[in-house]
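Enquirer: Okay, handing you the structure first.
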Amino acid sequence: MAQVILRKVGSSFVTTIPAELVQEMHLQEGQKFEIGKENGRLVLVPTNAEFDAAMEAHRLVLNQYRSAFQRLADA
Numbered sequence: 337m338a339q340v341i342l343r344k345v346g347s348s349f350v351t352t353i354p355a356e357l358v359q360e361m362h363l364q365e366g367q368k369f370e371i372g373k374e375n376g377r378l379v380l381v382p383t384n385a386e387f388d389a390a391m392e393a394h395r396l397v398l399n400q401y402r403s404a405f406q407r408l409a410d411a
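Read the sequence shown against my numbering and you will find it ends at 411, with the numbers running on by one and no gaps.
Following this line, the structure appears as structure tokens:
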């Protein structure tokens, strides 16, 4: 496990990801992440634009055809 330093930049805090991890995880500059905490640890999860787009399409279809889906479920 690598050690990194937390720095304050303006009103935000930043840190770096070691180059070895960037390469190993196939991360890219500008990539988006979700950040959270689990069991007292920070968790950084790369987002997947393709998955996010599919979930948004699913949400739109579900909202548009909610009553039809409900009728199918009740049948």
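Think of the CB as a built atom: it goes at the ideal place given N, C-alpha and C, for glycine as much as any other residue.
With DSSP collapsed to three states, give me the class of residue 347.
Expert: Reading the sequence shown from its first residue, position 11 is the one you call residue 347. Three-state result, residue 347: coil.
Enquirer: Considering only DSSP beta bridges, list what residue 377 is partnered with.
Expert: One-based indexing of the sequence shown puts residue 377 at position 41. Residue 377 is bridged to 374.
Enquirer: Apart from the five residues on each side of it in sequence, which residues of its chain come closer than 7 Å, Cβ to Cβ, to residue 369?
Expert: Locating residue 369 in the sequence shown gives position 33, where the first residue counts as 1. Result list for residue 369: 380, 381, 382, 383, in chain order.
Enquirer: Looking only at C-alpha atoms, which of 345, 348, 365, 355 sits nearest to residue 339?
Expert: As a position in the sequence shown, residue 339 is number 3, starting the count at 1. It is 355.
Enquirer: How many angstroms separate the CA atom of residue 410 from the CA atom of residue 402?
Expert: One-based indexing of the sequence shown puts residue 410 at position 74. One-based indexing of the sequence shown puts residue 402 at position 66. Residue 410 and residue 402: Cα-Cα distance of roughly 12 Å.
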